[in-house]
Amino acid sequence: MSRPLISVRNLGKRYKLGAALSHNTLRDHLAHGIRRLFQSNIKIQKSKIAEEESFWALKDVSFDVAEGEVLGIIGRNGAGKSTLLKVLSQITEPTVGEVRLRGRLASLLEVGTGFHPELSGRENIFLNGAILGMSRAEIRAKFDEIVAFSEVEKFLDTPVKRYSSGMYVRLAFAVAAHLDPEILVVDEVLAVGDAAFQKKCLGKMKEVGHSGRTVIFVSHNMGTIANLCTRGIVLQAGQMRFHGTAAEAVQQYQKTISSCSPDERERPAHVAYLVPANDKSDFKITKIEVLDFAGNPMPVVATWDDVVFRIHYRCSRDVSRGSVVFQVSSYDGERLILLSTKPDGTLPLALKAGEGAVDLAVEKIPLTAGEYTLGVGLAVPWIEYLCWNPDLCRFSIFPKDVYGSGLAPNTSRSLITFQHSWREVQP
Amino acid sequence: MGNSIVETERVLRPRHGLAAINFAEMWRFRELFVILSWRDILIRYKQTYLGIAWAVLQPVLTMVVFTVLFGRLGKFQSYGTPYPMLTLSGLLPWYLFSNALSQSSNSLVASSNMISKIYFPRLIIPASAVLSGAIDFLIGCAILAVLMPVYGIGFHSHLLLLPVFLLVAFLAAFAAGVWLSALNVKYRDVKYIVPFFASMGLYVSPVGFASMIVPERWRFWYCLNPMVGVIDGFRWCVLGDKFEPYWPGFFASFGITIVLLATGLFYFRSTEKTFADVI
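Chains as they are written, first to last, in this note's numbering: chain A, 11 to 437; chain B, 25 to 303.
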């Protein structure tokens, strides 16, 4: 075996949280500069702030990827997966450490990067292909194949803004699928299109994996990782927790997610959301705890578990008739259900200035195994949202074989599963 | 295959200090540059009802307004040339510059999606945006070619030098575009500043008048505006010897352009690595 295609050594990436906030405009910057002329001590304060408000999205990550390996990267949101892909794709520069790449690398962090709505399907194939690093000759040679794969032959000369979202995604994926680099970096792009097309994409990915291509792959779907990958890495809070076979990595991930020690800087495992310390808004959701009906922390929630969401909030002033709103959406953001204390939940709620909390008890949560998005906010019913974020946090449902059939229902089949029974009757 | 892989080993590590422009890499991405310019041009003329007509109307209307304003009402010296030709020969390079400037200064922010999702040499973006005004310019040249015989201006050998001044105009626009596009990533108010300076520039640069009317002792300082040299040179090519540029001034203009370009590239290269993080 020759040298690895990719070797990552002590890689670290630090982001400054304050930097994005402090001087957004030239005007602010100039004003700050002038102030500093008169106050020499401001500089010291600033460097202190800089230290506090930076965090390591990746720290001390080292691994090798051999030729032909399909490496899955697993971790919770904010664990550093996307940052790692961005550093490998050369989109952002590491703060410390280095990456050695031997071979042409193409990254697919999104399907349809650079697609322009005004341009036709044909034009976008050339544009997107070039952006992904294909030469014009290469695109021309593969053009028919791409068109056939995308199933949009008839609309090739229509501007893509008139495409349905399914057609758009199919075309975009078709271009990407015909990339031919030595190293391919892929982020979650499989979660697109209808079921039939997803199957086709998965087939294509498998084919890529088996063709001896080196692939690095991030997904929230443990099944996909276990299926497609040969090796796996678990990231947690920017650090590498495990590196081994894909199956071991998936196991390890499920273990870490259920046994987070509370002294870690990361939030405890049963807390779905924790407000960032620097959030200065008047109304905010500060914490969402996930508990069982007895009030014990519940780090892992599976299909049909009884679960309590304890929603903590903070208000800057009294609101005599308020409400707490809770929404569950699919991972792609499609709303599944919207609940609220008032009007439909019939809990009249006077929000007092300061801290408050409500419990939302859900019997036999009817969600199948997979990733969901929770949206939580405060509102004055029918009038306004005091605070609202439909993508407040991610929430995982773990597989449970609720039918006793040997198959735990998961999102690849349907998002919802409620208690039901079948029986045969006379016609 | 093994050998070809070894040849292309790349190391990604934090970059410190000065970074030279990687010309080899730029060359590898030349097709992307071509295709992005092609996209910008295509989009410019798609879905616009006026489309090409606008490219004709804009210089012609401005030419009429300036001729009335400066030529008739202001009675500016025209040095024996029909005033419409004097303004049109200034308008063409000016619009080339201001189009390129506004397109390229906004180009990086407009491509934020690409920048945060894929790697390519970022310089390609403002560079290809600069070219997007080239079609408008060619249309303007066609108008000029039609009007020259109408106003009795013959074709002469100076015209052959046009491409040189054209290149200087592109360089000036590129220099400003590189600076402003990179600044725009960090400071979003640049977007409001550019249109203001672009509309000021139309009057400050010798577009509606010949730069000879600027008093002799101010002439050199006037030329520190990089567009002065470009417009003077362009006018000289079109209208002939009467409009020979003030050469020390021209080279000062050109020098400023080069300095702007060099510092702009330097600033661009040193902030480029953070684009994806702040955009």
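Where a beta carbon is used, it is the ideal one built from N, C-alpha and C, also for glycine.
Apart from the five residues just before and just after Trp398/A, which ones in its own chain have a Cβ nearer than 6 Å to its Cβ? The residue labelled residue 398/A in the question sits at position 388 within the first sequence. Here the set comprises Gly387.
How about Leu115/A and Val244/A: are their beta carbons less than 8 Å apart? Locating residue 115/A in the first sequence gives position 105, where the first residue counts as 1. Locating residue 244/A in the first sequence gives position 234, where the first residue counts as 1. Contact: no.
In its own chain, which residues sit with a C-beta less than 6 Å from the C-beta of Thr421/A, not counting the 5 before and 5 after it? Working through the first sequence from its first residue, we reach residue 421/A at position 411. Cβ neighbours of Thr421/A beyond the five flanking positions: Thr378, Gly380.
Inspect the CB distances between the region 304 to 321 of chain A and the region 346 to 360 of chain A and report whether three or more fall short of 8 Å. no
Buried or exposed: where does Trp271/B fall if 16 or more other Cβ atoms within 10 Å of its Cβ makes it buried? Counting from 1 along the second sequence, the entry for residue 271/B is found at position 247. Per the 10 Å Cβ criterion, exposed.
Looking at the structure shown, is Leu384/A part of a helix, part of a strand, or coil, going by DSSP? Start at 1 with the first residue of the first sequence, and residue 384/A comes out as number 374. Three-state DSSP puts Leu384/A in a strand.
Out of curiosity, what's the CA-to-CA distance linking Lys58/A and Leu68/A? Taking the first sequence and counting its residues from 1, the one referred to as residue 58/A is at position 48. Taking the first sequence and counting its residues from 1, the one referred to as residue 68/A is at position 58. Because Lys58/A carries a pLDDT of 49, less than 50, the predicted location of this residue cannot be relied on, and no value is offered for it.
Go to Tyr270/B, then tell me how far its beta strand (DSSP E) extends in each direction, as first and last residue. Your numbering for residue 270/B matches position 246 in the second sequence. Tyr270/B -> no beta strand (DSSP E), and no H or E assigned at all.
Own chain residues within Cβ distance below 7 Å of Glu79/A, not counting five before or after: Here residue 79/A is taken as the residue at index 69 of the first sequence, counted from 1. The answer, listed in chain order, is Thr224, Thr240, Arg241.
What number of angstroms, rounded off, separates the C-alpha of Leu308/B from the C-alpha of Ala77/B? The requested residue 308/B is not part of the displayed model; chain B covers only 25 to 303.
Let's test the definition: count the other Cβ atoms within 10 Å of the Cβ of Val339/A and tell me whether it reaches 16, buried, or not, exposed. By one-based count along the first sequence, residue 339/A stands at place 329. Before going on, a small fix: residue 339/A reads as Ser here, not Val. By the 10 Å Cβ count, Ser339/A comes out buried.
Answer yes or no: does any C-beta atom of chain B fall closer than 8 Å to that of Pro286/A? As a first step, residue 286/A is located in the first sequence; it is residue number 276 there, counting from the start. Taking Cβ atoms only, chain B never reaches closer than 8 Å to Pro286/A, which makes this a no.
Hey, does Asn137/B have any beta-carbon neighbour from chain A nearer than 8 Å? Numbered from 1 along the second sequence, position 113 holds the residue referred to as residue 137/B. It does; some Cβ of chain A falls within 8 Å.
Would Asp301/B pass as an interface residue toward chain A - the criterion being a Cβ-Cβ separation below 8 Å? Counted from its first residue, the second sequence places residue 301/B at position 277. Asp301/B counts as touching chain A.
How big is the Cα-Cα spacing for Phe179/B and Val262/B? The residue you call residue 179/B lines up with position 155 of the second sequence. The residue you call residue 262/B lines up with position 238 of the second sequence. Distance between the alpha carbons of Phe179/B and Val262/B: 8 Å.
In three-state terms, what does DSSP make of Gln261/A? Walking along the first sequence from the start, residue 261/A turns up at place 251. It is helical.
Buried or exposed, going by whether 16 or more other CB atoms sit within 10 Å of the CB of Asp289/A? By one-based count along the first sequence, residue 289/A stands at place 279. So Asp289/A ends up on the exposed side.
Helix or strand or just coil, what does DSSP make of Ile375/A? For the purposes of this step, residue 375/A is taken as the residue at position 365 of the first sequence. Ile375/A: coil per DSSP, three-state reduction.
When you compare the CB of Pro353/A with every CB in chain B, is at least one pair closer than 8 Å? Here residue 353/A refers to the residue found at position 343 when the first sequence is read from its first residue. No, because no Cβ of chain B sits closer than 8 Å to the Cβ of Pro353/A.
Near-chain B residues of the region 94 to 113 of chain A - C-beta to any C-beta below 9 Å: Lys96, Val97, Leu98, Ser99, Gln100, Ile101, Thr102, Glu103, Pro104, Thr105, Val106, Gly107, Glu108, Val109, Arg110, Leu111, Arg112, Gly113
I want to know whether the region 207 to 215 of chain B touches the region 84 to 99 of chain B - three or more CB-CB distances under 8 Å. no
From what residue to what residue does the alpha helix (DSSP H) around Leu184/B run? Sequence index remark: in the second sequence, residue 184/B carries index 160 (1-based). Leu184/B -> no alpha helix (DSSP H), and no H or E assigned at all.
May I have the straight-line CA-CA distance separating Arg293/B from Val106/A, to the nearest angstrom? On the second sequence, residue 293/B is found 269 positions in, with the first residue counted as 1. On the first sequence, residue 106/A is found 96 positions in, with the first residue counted as 1. Going from the Cα of Arg293/B to the Cα of Val106/A covers about 19 Å.
Where does Glu31/B sit, in a helix, a strand or coil, going by DSSP? Start at 1 with the first residue of the second sequence, and residue 31/B comes out as number 7. Here the model assigns Glu31/B a pLDDT of 47, short of 50, so the residue's position is not dependable, and the following value carries that caveat. Looking at Glu31/B - three-state DSSP - the assignment turns out to be helix.
Okay, do the region 47 to 55 of chain B and the region 119 to 138 of chain B touch, 3+ Cβ pairs below 8 Å being the bar? no
Would you mind sorting Met87/B into buried or exposed? The rule is 16 or more other CB atoms within 10 Å of its CB. Position 63 of the second sequence, counted from the start, is the residue given in the question as residue 87/B. Flag for Met87/B reads buried.
Step through the CB atoms of chain A and report whether any lies within less than 8 Å of the CB of Ile76/B. The count along the second sequence starts at 1 and reaches residue 76/B at position 52. Judged by the 8 Å Cβ criterion, Ile76/B is not in contact with chain A.
C-beta contact flag for Ile255/B and Gly114/B at 8 Å: Sequence index remark: in the second sequence, residue 255/B carries index 231 (1-based). Sequence index remark: in the second sequence, residue 114/B carries index 90 (1-based). It is a contact, given that the beta carbons lie within the stated cut-off.
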